[in-house]
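A quick write-up on the structure given underneath.
Protein chains: 2
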Amino acid sequence: MPKTTVRAGSNIAFIKYWGVADAAINLPLNSSISMTLADAHTTTTVEWDQSGRLAEDAITLDRQPLTGQAAARLARHLDRIRDLTGMTWRARVVSENNFPMAAGIASSASGFAALSVAGCLAAGLNLEPGALSALARLGSGSACRSLFGGFVLWDRGDDHETSIARPLFPPDHWDLYDVVAVVSRAAKTVSSEGGHRLAQTSALNACRVAQAEQALPLVRQAIAERDLAALGPILEQDALAMHAVMMTSTPGLFYWQPGTVEIIHAVRQWRTDGLEVYFTVDAGPNVHLMCAAEDAPAVQTCLAALASVQDVLVSRPGPGPLCSEDHLF
Amino acid sequence: MPKTTVRAGSNIAFIKYWGVADAAINLPLNSSISMTLADAHTTTTVEWDQSGRLAEDAITLDRQPLTGQAAARLARHLDRIRDLTGMTWRARVVSENNFPMAAGIASSASGFAALSVAGCLAAGLNLEPGALSALARLGSGSACRSLFGGFVLWDRGDDHETSIARPLFPPDHWDLYDVVAVVSRAAKTVSSEGGHRLAQTSALNACRVAQAEQALPLVRQAIAERDLAALGPILEQDALAMHAVMMTSTPGLFYWQPGTVEIIHAVRQWRTDGLEVYFTVDAGPNVHLMCAAEDAPAVQTCLAALASVQDVLVSRPGPGPLCSEDHLF
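From first to last, the protein sequence lines are chains A and B.
The opening residue of the first sequence carries number 1368 in the working numbering; numbering runs sequentially from there.
The opening residue of the second sequence carries number 1368 in the working numbering; numbering runs sequentially from there.
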């Protein structure tokens, strides 16, 4: 069987996915909306071993052989593809991110999107986009959104078949920039995968879920109208509410660092000074600053003056998964 | 009429007062519980001017003549005492805090408690404690709790007469220390008085209020049993939930500074290392660390190693308002 290589973008959520109604299938508590990123992506090459010589899946991530729980999580995802096809072959998988992992940029989203598409295509399995989205969701919830380019809605749904993402607007609809201020490249002590099970232990969770569902049509309209002044305040509220749920769950998840707070204050000051920029924060300490393309250089210049900013990544809206002939092995 | 001087302690809330059902009388959305502080207090001397030469109230705070909105707020409180007595005389008021104002230590709580008691006594008006507590509440909500020593419950109540504080346990019931890590002495850009009106604009507010009411009997029991391991996690949850409501109100109130987050992470690390200490945060950036008396020196030593800590104040549980012959003028 042929090697298949797929590149998929990460995504940044405007209304976050946080908390699961059914952890076994990553059925979320609320619907979410995201933008797929052009410039933060995972490239994955998959080859199914027809020789039968591989005793188990051989996975390399960012040039390191993957072992332990991380390898087991990917092997379980390959099992899902084996179950769909009836194959029993093991796979060779080589995967590379072009951005730091486990620091609030969703490497699991782009990773499981790329693995789902590459794994199925390499097996000769042609799933329709909704089924691929559902498959990716089983690997990592937010991965289902990276199956599509541009601006994407993940409908919460009721079960495995209906909890899938679909595109709202293509990448060229709106040249919105995500300028990521990296405050820490350290790995998280709690993966977001584990955290989703804790959401319902927070007394604030029910209020956040209700608010997220109310905000969805407003976010959709703001994107339709390319209206950052309407989108921005909702972005910030939703990110703050998600972190409030994280902080007040048991055990509490406190992802923010001092630098996170420094940047939040700075963004509000810059806005007062006339720069139209809003923040959101994923499950990590890094801060994503959303702005128009023409303001991205000014935002980068402002960020460079902050002591806590270690690195800056910039991304535009990007396409859905793309096949490539540049195999990684 | 005689000069009267009263010293009243500030208080630190374990279940916070945040949000008003009726802003005109500071009727709170939820009941609250606090500890009155021995070592952070306001001393106030009041003299009613029978000569009639004073055209308006003359107020000095921390050796500066008070003017503008701050003076008007205190004059309105003196009006309440004039209304109760039928007097029309103006007052000379001199007041001093022994701690920095407007930085998350409730100077308005101790200030309005001292002013209420001194103002009434100087006018020859002997109100019973509940009526004094209600009067102080009209000046600043949390001041009603500083009318009593030790551990105090403010019952939300239904109206001016019933929304009053009462003592639960005397100061010597439990030698619990409040070690305040001062990260900023800067004045707040939004006073907490204004913020209370915003609570109900937060989507998280209803969940926080319900949680606070549920937590009250648990806090009361933990204090009764002097059980810091039971009290501490509730303290932290309630403070985080209050700040979540602040951050997600419209406009948002973001009181935390980078140092606030540095200390929160540090407290949890120290606890992992075996030091029993928990945090709470009032409407400001400073962090109050609650610990047993014997652990207070270790907590102070730990705090001294943090870059963001500018100053440390330490307080034990203190008495209710005390009269003094050491007049300030």
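Beta carbons are placed, not taken as given, at the ideal position from N, Cα and C, and that holds for glycine.
CB contact check: residue i to chain A, cutoff 8 Å
i	result
Ala1470(B)	For Ala1470(B), the predicted model reports a pLDDT of 49, less than 50, meaning its position is unreliable; a value from the coordinates is still stated below. Output row for Ala1470(B): interface = no.
Val1648(B)	no
Ile1701(B)	Since the first residue shown for chain B is 1368 and the last is 1696, residue 1701(B) is missing from the structure and cannot be characterised.
Leu1396(B)	no
Asn1604(B)	It is worth fixing the name first, because residue 1604(B) is Gln in this sequence and not Asn. Taking Cβ atoms only, chain A reaches closer than 8 Å to Gln1604(B), which makes this a yes.
Ser1682(B)	no
Pro1432(B)	no
Val1628(B)	yes
Ala1659(B)	no
Short CB-CB distance (under 8 Å) between residue i and chain B
i	result
Cys1574(A)	yes
Met1614(A)	yes
Gln1636(A)	no
Pro1688(A)	no
Gly1651(A)	no
Leu1607(A)	yes
Ala1570(A)	yes
Gln1436(A)	no
Gln1578(A)	yes
Trp1623(A)	yes
Ala1611(A)	yes
Between the CA atoms of residue j and residue i - distance to the nearest angstrom
i	j	result
Arg1430(B)	Leu1396(A)	56 Å
Ile1400(B)	Gln1581(B)	12 Å
Gly1731(B)	Ala1633(B)	Outside the displayed span of chain B (1368 to 1696) sits residue 1731(B), for which this structure offers no information.
Asp1649(A)	Asn1378(B)	36 Å
Leu1620(A)	Gly1491(B)	54 Å
Val1628(B)	His1610(A)	13 Å
Ala1473(B)	Ser1509(B)	8 Å
Ala1407(B)	Ala1388(A)	47 Å
Ala1489(B)	Leu1451(B)	13 Å
Ala1698(A)	Ala1375(A)	Since the displayed chain A opens at 1368 and closes at 1696, residue 1698(A) lies outside it and no answer follows.
Thr1410(A)	Asp1424(A)	18 Å
Gln1567(B)	Ala1573(B)	8 Å
Ala1469(A)	Gly1651(A)	Low confidence applies to Ala1469(A): its pLDDT is 49, below 50, so where it sits in the model is not reliable enough to give any reading.
Leu1499(A)	Leu1514(A)	7 Å
Met1454(A)	Thr1529(A)	26 Å
Ala1597(A)	Ala1390(B)	30 Å
Phe1479(B)	Gln1636(A)	33 Å
Val1676(A)	Val1546(A)	12 Å
His1563(B)	Thr1412(A)	56 Å
Arg1523(A)	Thr1403(A)	18 Å
Ala1422(B)	Ser1462(B)	20 Å
Ala1660(B)	Ala1503(A)	54 Å
Ala1577(B)	Ser1616(B)	17 Å
Minimum C-alpha distance to residue i - residue among the options
i	options	result
Val1586(B)	Trp1521(B), Ala1437(B) and His1527(B)	Trp1521(B)
Ala1591(B)	Gln1636(B), Trp1623(B), Pro1538(B) and Val1676(B)	Pro1538(B)
Gln1604(B)	Pro1496(B), Leu1583(B) and Gln1667(B)	Leu1583(B)
Phe1536(A)	Val1546(A), Pro1684(A) and Ala1597(A)	Pro1684(A)
Ala1608(A)	Val1484(A), Leu1488(A) and Gly1386(A)	Gly1386(A)
Arg1447(A)	Leu1428(A), Ile1392(A) and Ser1477(A)	Ile1392(A)
Pro1618(A)	Ile1631(A), Val1549(A), Leu1565(A) and Ala1663(A)	Leu1565(A)
Ala1405(A)	Thr1371(A), Leu1488(A) and Phe1466(A)	Phe1466(A)
Gly1687(A)	Ala1476(A), Leu1505(A) and Leu1433(A)	Ala1476(A)
Ala1674(A)	Ile1426(A), His1655(A) and Pro1625(A)	Pro1625(A)
Met1657(B)	Val1676(B), Ala1672(B), Asp1640(B) and Leu1680(B)	Leu1680(B)
Gly1419(A)	Ala1438(A), Arg1449(A), Asn1493(A) and Trp1456(A)	Trp1456(A)
Ser1559(A)	Val1547(A), Cys1690(A), Asp1594(A) and Met1613(A)	Met1613(A)
Leu1394(B)	Asp1526(B), Ser1462(B), Leu1494(B) and Asp1678(B)	Asp1526(B)
Val1550(B)	Gly1497(B), Tyr1622(B), Leu1602(B) and Val1484(B)	Tyr1622(B)
Gly1561(B)	Ala1437(B), Ala1548(B) and Gly1599(B)	Ala1437(B)
Thr1668(A)	Val1576(A), Ser1569(A), Ala1380(A) and Val1644(A)	Val1644(A)
Gln1417(B)	Ala1458(B), Trp1541(B) and Ser1691(B)	Ala1458(B)
Residue i in three-state terms, based on DSSP
i	result
Val1519(B)	strand
Asp1698(B)	In the structure as shown, chain B begins at 1368 and stops at 1696. Residue 1698(B) is therefore absent and cannot be evaluated.
Asp1693(B)	coil
Pro1467(B)	coil
Asp1678(A)	strand
Arg1683(B)	coil
Ile1531(B)	coil
Arg1593(A)	coil
Val1550(A)	coil
Ser1377(B)	strand
Ile1472(A)	coil
### Query
Taking only runs of the alpha helix (DSSP H) that begin and end inside the stretch 1384-1462 of chain B, which ones reach a length of at least 4 residues, in chain order?
1435-1452
### Query
Where in the stretch 1475-1518 of chain A do unbroken runs of the alpha helix (DSSP H), each at least 4 residues long, occur, reported from the N-terminal end onward?
1496-1506
#### Entry: In chain order, each beta strand (DSSP E) run of at least 3 residues that lies wholly inside the stretch 1614-1659 of chain A
1644-1647 and 1654-1659
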